[in-house]
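Down below is the structure, laid out as structure tokens.
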Ligand SMILES: Nc1ncnc2c1ncn2[C@@H]1O[C@H](COP(=O)(O)OP(=O)(O)O)[C@@H](O)[C@H]1O
Ligand SMILES: [Mg+2]
């Protein structure tokens with residue numbers, strides 16, 4: 015099987031703990047082996063639009079869902095969201111904002127830019143784990159993409 | 004010429020004095036002249052009578068003998084008196100025997116003798132005297148004299164009168180001019196002072212006092228009035244200055260206050276922005292490590308449960324509980340911050356309906372609890388619906404929480420009248436609190452019950468108070484231990 019086909023979830027997250035906890039939550043539902051991680055906003059933009067040695071984009075593979083943190087180094091999450099939703103090729107990919115911020119302006123901005131969902135990361139690990147795995151299941155198994 | 008009443012007082016006085024003295028002098032002169040003329044007329048009349056009688060006596064012979072030549076000669080002697088105009092001798096029959104002058108015209112000599120006596124007639128003095136001898140009338144002597152002496156005398160006395168009048172008037176004028184000053188000077192001084200006062204607004208001038216008469220009294224009164232006015236003026240000016248100063252001070256004060264308010268507003272804005280930034284970073288940066296703590300405690304419990312004994316597992320559970328509590332604290336603090344920052348949109352809010360919603364929510368979340376609710380219908384108030392909901396939610400939730408150990412819990416939402424003002428009431432029959440600490444209830448993190456008794460963060464009532472304060476209302480509480488608590492608020 016072509017390894018690139020396995021990229022079904024793109025996680026844009028800088029906090030290693032959160033990456034690990036997300037991974038753990040997805041693993042419990044056997045969704046983790048199709049996960050690819052970008053550690054800042056610039057990397058995420060490169061993944062889709064850059065000329066950098068990134069095979070994924072050239073092959074034309076698109077992830078089934080993007081989990082996007084907002085508070086990112088270099089290019090922040092809202093900017094990444096704006097780029098993704100502003101481009102023909104990436105517009106249809108569902109973006110779930112997964113962030114610590116429960117602040118109203120952030121939520122409003124994210125939806126305005128076209129986020130498909132906004133989830134505040136719970137502090138409680140069980141709740142967090144449930145939220146992440148549920149949304150993984152929903153977007154990967156329940157949701158039907160347009161193509 | 005200006006009307007008399009507009010004349011300066013000097014001229015008026017002089018004119019009055021001249022008029023009076025002129026009148027007196029004219030009357031006196033007229034009397035003098037009349038007296039002169041009357042006296043003189045009498046004198047010349049008696050002279051003429053005397054002369055006539057002498058002439059008549061001399062003419063008796065000529066008349067008795069009708070001797071015309073003698074008669075003419077006797078009459079001719081009259082030429083030595085230049086005033087004599089004409090004369091005639093009439094005989095017993097009334098015929099003219101002789102005339103003077105000899106060729107006297109008819110208009111000088113009457114044709115028939117006139118009655119005896121003397122009179123002034125046509126600018127002449129004429130008279131007829133009987134010529135008699137031994138009691139027997141022989142004829143009549145007619146004589147006419149001019150009145151030049153009289154008119155001369157009249158002219159002379161007229162001239163004298165006029166000269167005297169002129170001199171007297173001059174003297175009167177001089178005197179009047181000199182003496183009117185006695186009266187007019189104080190009046191003029193008063194007038195001058197009054198003008199100075201009114202034009203220069205100088206109340207310090209005084210009218211000079213020139214005597215002890217009525218004008219002196221007037222001057223005194225006027226000066227006293229000036230003293231009073233000056234005092235009042237000074238007082239007035241002092242007040243005005245004081246007022247000005249006060250206004251200036253007040254203005255300064257207001258400006259300062261305004262400045263302070265502006266500074267405060269700017270500071271407040273800055274503080275708000277800071278709070279925004281703070282809330283943002285709290286919400287972001289404090290939660291992430293908490294999630295790690297909780298998450299990895301969980302990982303430990305899951306993956307290494309076998310290596311841990313019961314005490315180890317308990318400790319990890321406590322770490323998790325603590326981190327979750329901290330997360331709740333952070334959330335509550337954020338709510339409080341949000342309440343402070345939120346923009347207010349005022350509308351009429353159905354508080355009763357809102358309370359019913361909240362109660363329904365509480366019952367749904369904890370269906371095993373049975374609490375008796377009494378919510379008065381139709382309670383309304385003007386305010387921000389979102390904020391009021393947060394406030395009411397906190398109060399009812401507290402009631403719900405603090406009645407947990409009460410066998411028959413009751414919670415009431417109603418309104419009442421406090422000193423004429425409408426207040427809303429949330430009352431329960433729960434754990435209550437000690438009134439000693441009533442003022443602490445509304446402080447952030449202030450709790451009157453331990454976490455073991457009732458859990459909580461102590462932020463709820465602080466949030467409520469902020470909301471009520473933002474609505475311009477007040478909130479206070481009454482309670483007693485184990486006897487329930489009552490919260491009142493106005494909007
Ligand atoms: N209905 C009530 N009955 C008794 N005590 C109350 C009630 N409501 C509030 N209190 C007291 O006031 C304190 C502060 O309340 P609050 O700010 O809501 O904090 P929390 O409920 O999180 O403890 C509570 O800890 C409690 O001691
Ligand atoms: Mg509370």
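Protein chains in written order, with the numbering used here: chain U, 15 to 161; chain V, 4 to 494.
Backbone N, C-alpha and C fix where the C-beta goes; we use that ideal spot for every residue, glycine too.
| query | result |
| --- | --- |
| Cβ closer than 8 Å: which chain V residues qualify as neighbours of residue 111/U? | By Cβ distance, chain V contributes nothing, its closest Cβ being about 13 Å from residue 111/U, past 8 Å. |
| Taking DSSP's pairing of strands, which residues face residue 146/V in a bridge? | 90/V and 130/V |
| Near residue 259/V, which residues of its chain fall below 6 Å by C-beta distance, leaving aside the five closest residues on each side in sequence? | none |
| Just list the residues that DSSP pairs residue 420/V with in beta bridges. | 425/V |
| Please report the residue range of the beta strand (DSSP E) in which residue 26/U lies. | 23 to 26 |
| For residue 396/V, name the three-state secondary structure that DSSP assigns. | helix |
| Tell me which same chain residues have a C-beta within less than 7 Å of the C-beta of residue 432/V, skipping the five on either side of it? | 406, 409, 412, 413 and 487 |
| From the beta carbon of residue 318/V, is the nearest beta carbon of chain U less than 8 Å away? | no |
| Chain V beta carbons: is any one of them nearer than 8 Å to that of residue 138/U? | yes |
| When the Cα atoms are used, what is the spatial distance from residue 481/V to residue 430/V? | 9 Å |
| Give the DSSP bridge partners of residue 121/V, in chain order. | 130/V |
| Distance cutoff 8 Å, beta carbons only. Does residue 35/U sit that close to anything in chain V? | yes |
| Taking its Cβ as the centre, do 16 or more other Cβ atoms sit within 10 Å of residue 297/V, making it buried, or is it exposed? | buried |
| When DSSP builds the beta bridges, which residues end up paired with residue 430/V? | 415/V and 489/V |
| Which residue's Cα is closest to the Cα of residue 460/V: 446/V, 468/V, 127/V and 51/V? | 446/V |
| Below 8 Å, how does it come out for the stretch 167 to 177 of chain V and the stretch 139 to 153 of chain V: are there three or more Cβ pairs, yes or no? | no |
| From what residue to what residue does the beta strand (DSSP E) around residue 7/U run? | Only positions 15 to 161 of chain U appear in the structure, and residue 7/U is not among them; the question remains open. |
| Is the beta carbon of residue 29/U closer than 8 Å to that of residue 291/V? | yes |
| Run through chain U and tell me which residues come within less than 7 Å of residue 287/V, C-beta to C-beta. | 85, 114 and 115 |
| Assuming the contact rule is C-beta atoms closer than 8 Å, residue 51/V and residue 146/V should be a hit. Round their C-beta distance to whole Å, please. | 7 Å |
| Can a CB atom of chain V be found closer than 8 Å to the CB of residue 148/U? | no |
| If you measure from the beta carbon of residue 41/U to each beta carbon in chain V, is any gap under 8 Å? | no |
| What separation, rounded to the nearest whole angstrom, lies between the Cα atoms of residue 182/V and residue 16/V? | 9 Å |
| Taking a Cβ distance cut-off of 7 Å, strictly less, list which residues of the stretch 319 to 335 of chain V are near chain U, in chain order. | 326, 327 and 330 |
| If the criterion is Cβ atoms closer than 8 Å, does the pair residue 522/V and residue 168/V meet it? | Because chain V is modelled from 4 through 494, residue 522/V falls outside the range shown and cannot be assessed. |
| Please decide whether residue 32/U counts as near chain V, where near means a Cβ-Cβ distance under 8 Å. | yes |
| Secondary structure at residue 376/V, three-state DSSP: helix, strand or coil? | strand |
| For residue 328/V and residue 466/V, what's the separation of their Cα atoms in angstroms? | 18 Å |
| Determine the burial state of residue 463/V: buried for a count of at least 16 other Cβ atoms within 10 Å of its Cβ, exposed for fewer. | buried |
| Please classify residue 153/U: does DSSP put it in a helix, a strand, or coil? | helix |
| Helix, strand or coil, according to DSSP, for residue 475/V in the structure here? | coil |
| For residue 408/V, name the three-state secondary structure that DSSP assigns. | coil |
| For residue 229/V, count neighbouring C-beta atoms within 10 Å of its own C-beta (all shown protein chains included) and say buried if the count is 16 or more, exposed if not. | buried |
| Between the stretch 289 to 304 of chain V and chain U, which residues of the former have CB atoms less than 9 Å from a CB of the latter, in chain order? | 289, 290, 291, 292, 293, 294, 295, 296, 297, 298, 299, 300, 301 and 302 |
| Along the stretch 251 to 282 of chain V, where does the CB come closer than 8 Å to a CB of chain U? Name the residues. | 282 |
| Nearer than 7 Å: is that true of the beta carbon of residue 401/V relative to any heavy atom of ligand 1? | yes |
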